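Below is one structure; the comments refer to it alone.
Residue numbers (the working numbering), protein chains in the order written: chain F, 1 to 466; chain E, 1001 to 1466.
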């Protein structure tokens, strides 16, 4: 290892390599806290350096783990003592912003928020948005195909990427920095690297597609009398608001109540008595007209008894206060400890029953200590389930995981909507994907990384190492 | 071969296999006319039949060519006498349309227009649209990642596909019929089959994402004084019309003039004296408001001297008359014979110069007979170039191809924006993709179809058969 590190240091310089306390002080799990165990953290300054480092690692059969902003939730950043971490933290340049075409070329280490702000400064928007915007990186959001709150309108990270550059396990640079909307010249290789969690290559640069900046915004917190009304409200808003609907976040009563009246963390803008709540957001380009349309859509919803009560925000402060309830993960951590969080998707018409059944099985198993709350991106079929049972051991975790995941196989759901598989969910992959699909994933891994050097053991379980 | 055909007939029945005149009478090239040369056309009735057929072909090392609607332009449908054609023409069911979630599950042989109409009948739209809508199939548009006239707003076919099912070369069924917007459970395998032109698997079914149906539509033919004005007009309409801009089709004067005053095929809605024309289309959900916005945007463009003249259509008849100029491929064939058509993409700021240079080199090489006209989807960086020089031999074709393709490598363009590579462009793939990218494509082909049974020789050149 030391000889390899010496060779790597010749490539990246002293600035480009961290060891000792600089490694162990790094927290690879923001939710639970976990020290980085890697032998060293290698920080290439550019793609060429990274390619040279990977060529050295490949020759030495040295496995590596790639780090972006370390905001993931499935232990994707965990590294063993015999592994090296590759961190893109020094590759933070926005290389180009084409204001005519609406594209932006960035290095993988650029934080999401920095990319958003750069686009806005030039009259465009980069629409992907999520709570971790300040820390998560473009490279990490590509590798995990991040989602967030605007997917209903703009799609996931995959839809924002026009071109990308990645380094393969052997140091080969695959530079597909396409800037055009249309390019059917051969296989579209970028999709190999988007959402494969760094197991097929290391994303180094990307060309992102920008969207016209919206100038109007309406936000409402809406109380809804039933799940059926909730799904009809979604359909109504989609139809009536045309393309303007940009978020439709459902909050179950238990979640809303926990973070408002029960914990006292937030003043409830509406009483906590209703079965469901929605944060609905629309964005457009005509303030007066869009507000009229938003309000008339809400009126239609009232007339159809899809809405029990609603607050349309009148100020940025009100808007933030409502979103703060939804994004208060710290509140969840404070109230539910130890916390287990899940990120699942399933067809909307099966959601209500799924949640009811899960509540029932949790209560049956942990009648005194089991508690759960639910919120999610309803328009995307994506629920975030938070559970606590007062214990944190492996057996408990696995028992809860089985309760959450097992029904999804029958319901046509997914064990991961947007967080990925990482280490945390790989043993459950077979619940969401067929043996033929998993075999094909292994075929790809074997073809691109036959030595299994990139994020080994992640996504696919150990069996592929045979 | 006969023994294999007997075995196949046991799987698909007599209805499921065509031979003799039924094969040769099939035209595999609608532009130039070309008889199908395959040994037989196999027409499975469902995925199970196709899987069994491919298992037989795999055991017998029998190469196959997949047929969709045969509307392609790169000889993707061409089959040799020792090959079998697999046609999806009997798999034409719309299996499900989920009006709540806005998804549609269809078999690969469903024509695009049938899918569009089914969505509209339920208050949704399937937004992908192109001239071949009546004949091209969902499976074919997936395999080629089709584009068309609405890409600027809704993206290419890839963006419309939530899940799909494909049969591999050995008969394995990869069923990834995901219906959810968000599913990050492992590699997103569908992207292997989208745009790889049937070389990695045969698409059998798909889950398509629907969009809210728009209820207002504005269309204008706009005359533009310069290319610079053209690109600024695009930027202005993108910004001012918010998400409503749904088409921005640029027509060079030579193309407009050919199909109106020169050929007499269409009455010119505007004089044929302007350098550029645009068909701009916006769709929304508020007829009055959207019309106001469209007109005020055009007024701004006039004030900024981006527009010389414009006709905003006042009836469906006027709208169709304008689109008919743009979609009159028969007119092109009648006026330019023999015709060479090209489908390229390049950054917008480099287009004007590219076209000028190409005109100059064409005139230098064929001063008396060389003629070319240009139109394209400007918002997507996609041009369609039509050329005739009065000859049709191989040497002439290759000389023209070099003139069209060679400059694209320098300009960061692509030899195929939306038509694919097929047989026609595979020798030029290296102009748009790096040796590393092409090597990775070969790695994928080798991993998924090691016997090279699926659409052999297409996309990648013969070298990979070594």
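Idealized CB from N, CA, C, for every residue including glycine.
Note that the structure is predicted; figures quoted are calculated from it, not measured.
Around the CB of residue 1040 (chain E), 16 or more other CB atoms lie within 10 Å, so the residue is classed as buried. Pairing residue 1201 (chain E) with residue 1143 (chain E) gives a Cβ-Cβ distance that is not under 7 Å.
By the CB criterion at 7 Å, residue 1417 (chain E) and residue 1382 (chain E) fall inside the cutoff. For residue 252 (chain F), the enclosing beta strand (DSSP E) has its first and last residue at 245-252. Residue 1261 (chain E) and residue 1222 (chain E) do not touch by the CB rule: their CB atoms are close to 18 Å apart, not below 8 Å. Note on geometry: alpha-carbon atoms of residue 290 (chain F) and residue 283 (chain F) lie some 8 Å from one another. The DSSP-derived three-state label of residue 454 (chain F) is strand.
At least one CB of chain F lies nearer than 7 Å to the CB of residue 1182 (chain E). The C-beta of residue 1443 (chain E) comes closer than 7 Å to at least one C-beta of chain F. Between residue 226 (chain F) and chain E, the shortest Cβ-Cβ separation is not below 7 Å. For residue 1113 (chain E), the enclosing alpha helix (DSSP H) covers residues 1112-1121. Against residue 433 (chain F), the close residues of chain E are 1185, 1186, in the order they occur along the chain (beta-carbon pairs closer than 7 Å).
Not flagged as an interface residue toward chain F: residue 1198 (chain E), since no C-beta distance is shorter than 7 Å. Among the residues facing chain F, residue 1068 (chain E) is not included, as its CB has no counterpart in that chain under 7 Å away. The beta-carbon separation of residue 112 (chain F) and residue 100 (chain F), rounded to 24 Å, does not stay under the 8 Å limit for a contact. Secondary structure note for residue 1372 (chain E): it is in no alpha helix (DSSP H), and the uninterrupted beta strand (DSSP E) holding it is 1371-1377. Below the 9 Å Cβ cutoff, chain F contributes 182, 183, 184, 185, 186 as neighbours of residue 1416 (chain E), in chain order. In the three-state reduction of the DSSP assignment, residue 90 (chain F) falls in the coil class, being assigned neither a helical nor a strand state.
The beta carbons of residue 1432 (chain E) and residue 185 (chain F) sit about 4 Å from each other, so the pair counts as a contact at 8 Å. Leaving aside the five residues that flank residue 8 (chain F) on each side, the residues in its chain whose CB is nearer than 7 Å to its CB run, in chain order, 17, 42, 53, 56. Going by DSSP, residue 1295 (chain E) is part of the alpha helix (DSSP H) stretching over 1287-1303. For residue 208 (chain F), the uninterrupted beta strand (DSSP E) segment begins and ends at 202-209. Annotation for residue 285 (chain F): 212, 214, 215, 216 place their beta carbon closer than 8 Å to its own, counting only its chain and skipping 5 residues before and after. For residue 1382 (chain E), the chain F residues whose Cβ falls inside 7 Å of its Cβ are 182, in order along the chain. At least 7 Å separates the CB of residue 1122 (chain E) from every CB of chain F. At the C-beta level, residue 1206 (chain E) and residue 1094 (chain E) stay beyond 7 Å of one another. With a 10 Å radius around the Cβ and a threshold of 16 neighbouring Cβ atoms, residue 1169 (chain E) comes out buried.
Listed along chain E, the residues sitting closer than 9 Å to residue 284 (chain F) by beta-carbon distance are 1242, 1243.
For residue 174 (chain F), a Cβ of chain E is located within less than 7 Å of the residue's own Cβ.
A Cβ-Cβ contact shorter than 7 Å links residue 1068 (chain E) with residue 1140 (chain E).
Against chain F, a Cβ distance below 9 Å from residue 1144 (chain E) picks out 184.
In terms of beta-carbon proximity, residue 191 (chain F) lines the interface with chain E, with at least one pair separated by less than 7 Å.
With respect to residue 1456 (chain E), residue 1063 (chain E) sits close: the two C-beta atoms are nearer than 7 Å.
Within the same chain, Cβ atoms closer than 7 Å to the Cβ of residue 190 (chain F) are found at 161, 163, 164, 176, the five residues on either side in sequence being excluded. Residue pairing of residue 1284 (chain E) in beta bridges, as defined by DSSP: E:1216. By the criterion of a C-beta distance shorter than 6 Å, residue 1073 (chain E) is surrounded in its chain by 1419, once the five residues flanking it on both sides are discounted.
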